[in-house]
Amino acid sequence: MDAVTGASSYTGRYIARELLALGRSVRSLARYHDARLFTEGVEWRELRFSRRSELVESLKGIDTLYNTYWIRFPRDGQEFDHAVNSTATLIQAAREAKVQRVVHISVSNADASSPFPYFRGKAATEEIVRQSGIVYAIIRPTLVFGVEDILIHNMAWLLRHAPLYPIPGDGQYRTRPVYVGDVARIAIDAAAGTSNLVTDAAGPDVLTYEELVRAIRSAVRSRSWLLHVPPPVALAAAWGMNPLVRDVIVTSEELHGLMHEVVMSHEPPKGTTRFREWLSQHADGLGRTYAS
Ligand SMILES: NC(=O)c1ccc[n+]([C@@H]2O[C@H](COP(=O)([O-])OP(=O)(O)OC[C@H]3O[C@@H](n4cnc5c(N)ncnc54)[C@H](OP(=O)(O)O)[C@@H]3O)[C@@H](O)[C@H]2O)c1
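Heads up, the sequence shown stops at 347 in our numbering, and the numbers go up one at a time, no gaps.
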């Protein structure tokens with residue numbers, strides 16, 4: 056049996072599905088469980104970092120722990136430091152429960168000296184995993200796309216609904232989007248090895264942000280006018296729309312990170328799904344509603 060943090064959430068559900076297809080049983084450690092997603096093969100234990108002994112119990116008998124836990128941005132007093140501490144609690148509990156392997160989902164360009172707190176925090180979690188004494192694989196995805204994804208989905212939503220789409224700066228910053236199913240496969244393949252491993256999970260195509268926007272625009276047959284704007288203007292436009300969609304569309308860190316190519320990889324790509332092909336297959340449903 057393997058454990059996945061959040062088998063009902065985005066990346067977690069693809070890892071769980073892939074494990075089930077391989078004949079593994081899955082224990083989901085999560086705040087909630089969507090029983091409609093898995094009729095059998097997945098058991099649910101509540102994930103509460105404050106209940107350490109329960110966490111150890113939940114991890115007993117587990118071969119591999121797939122850890123997808125992280126926060127997108129600080130909220131309700133939970134800073135990235137808090138998420139780093141929670142990760143430490145989870146990994147210590149895994150060691151105590153004698154979990155044999157940890158597959159830790161990090162992010163491309165995680166770096167202790169990054170100007171971006173998300174990426175510094177991820178580097179801190181990688182160090183926790185490295186120091187844990189458990190055999191590990193650290194998987195560093197770039198920009199993860201899939202039908203449940205938020206970013207690509209909401210770019211499509213905006214392109215469908217707004218007459219004007221702001222592109223921050225020159226739009227020439229690159230990304231290497233990776234399909235969520237490929238991330239799951241890369242994670243599970245990594246678990247099969249017996250030595251420690253750190254690898255990017257990146258797709259086969261390099262696209263600039265403008266190419267990404269244009270590809271989505273054409274796929275959803277949008278007539279939205281693309282306008283290059285200074286980053287503060289793009290941020291102000293997004294902030295202005297936040298109350299409308301009751302969400303945080305993009306944070307300053309996310310926007311500036313994208314412009315600094317933090318979701319770019321220079322390793323040979325391990326993902327095989329081509330972004331434009333996936334886009335043409337899913338364009339009909341993409342961006343019909345806002346995804347929060
Ligand atoms: N999406 C991307 O483009 C991308 C790119 C690079 C790396 N990643 C990494 O991939 C991993 C998975 O992200 P994702 O995109 O799949 O997003 P996600 O579905 O939001 O996954 C985050 C997980 O953390 C859990 N979580 C958050 N706060 C929690 C809390 N206080 N207590 C318990 N669980 C909590 C979420 O549970 P709930 O479902 O209950 O909220 C969810 O299972 C993350 O480590 C992320 O950094 C994602």
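Each residue gets a CB set at the ideal place from its N, CA and C atoms; glycine is no exception.
Quick one: is R278 buried, meaning 16 or more other Cβ sit within 10 Å of its Cβ, or exposed? exposed
Anything with a beta carbon under 6 Å from a heavy atom of ligand 1 counts; list them all in chain order. T60, G61, S64, Y65, T66, G67, A85, R86, Y87, L102, T123, Y124, W125, I126, I160, V162, P196, L198 and V199
According to the Cβ coordinates, are R231 and T263 closer than 8 Å? no
Alpha carbon to alpha carbon, how far is G67 from T119? Give it in angstroms, no decimals. If I take the Cα positions, the gap works out to 14 Å.
Residue ranges of each beta strand (DSSP E) within the segment 60-146, 3 or longer: 81-85, 97-101 and 119-122
So is P298 buried or exposed if we call it buried at 16+ other beta carbons inside 10 Å? exposed
Would you verify that the beta carbon of V253 is, or is not, closer than 8 Å to some beta carbon of chain D? Note that chain D does not occur in the displayed structure, where there is just one protein chain.
Tell me the rounded alpha-carbon separation between V300 and G201. The alpha-carbon atoms of V300 and G201 are separated by roughly 21 Å.
Return the residue from the list E151, R79 and S250 that minimises the CA-CA distance to E95. If we check each option's Cα against that of E95, R79 comes out closest.
Compute the distance between the beta-carbons of I243 and L102, then report whether it is under 8 Å. no
A257 vs S163 beta-carbon contact at 8 Å: yes
Please classify V162: does DSSP put it in a helix, a strand, or coil? coil
Tell me where the beta strand (DSSP E) around D255 begins and ends. L252 to A256
Return yes when the Cβ of L281 is within less than 8 Å of the Cβ of V268, no when it is not. In this structure, L281 lies closer than 8 Å to V268 by Cβ.
Taking the C-alpha atoms as reference points, what is the distance between A192 and I126? Rounded to the nearest whole angstrom, the C-alpha separation of A192 and I126 is 20 Å.
For E308 and K153, what's the separation of their Cα atoms in angstroms? 37 Å
N- and C-terminal bounds of the alpha helix (DSSP H) containing Y173: P172 to R185
Selected residue, minimal CA-CA separation from V305, among E316, A291 and H315: A291
With 16 other Cβ atoms within 10 Å as the buried cut-off, status of T327: Exposed, by the Cβ-count rule.
Would A211 pass as a contact of V284 if the rule is Cβ separation under 8 Å? no
Count the other CB atoms within 10 Å of the CB of Y234; is the residue buried (16 or more) or exposed (fewer)? buried
I think M314 touches P196, with their Cβ atoms under 8 Å apart; what is that distance to the nearest whole Å? Wrong, their Cβ atoms sit about 19 Å apart, outside the cutoff.
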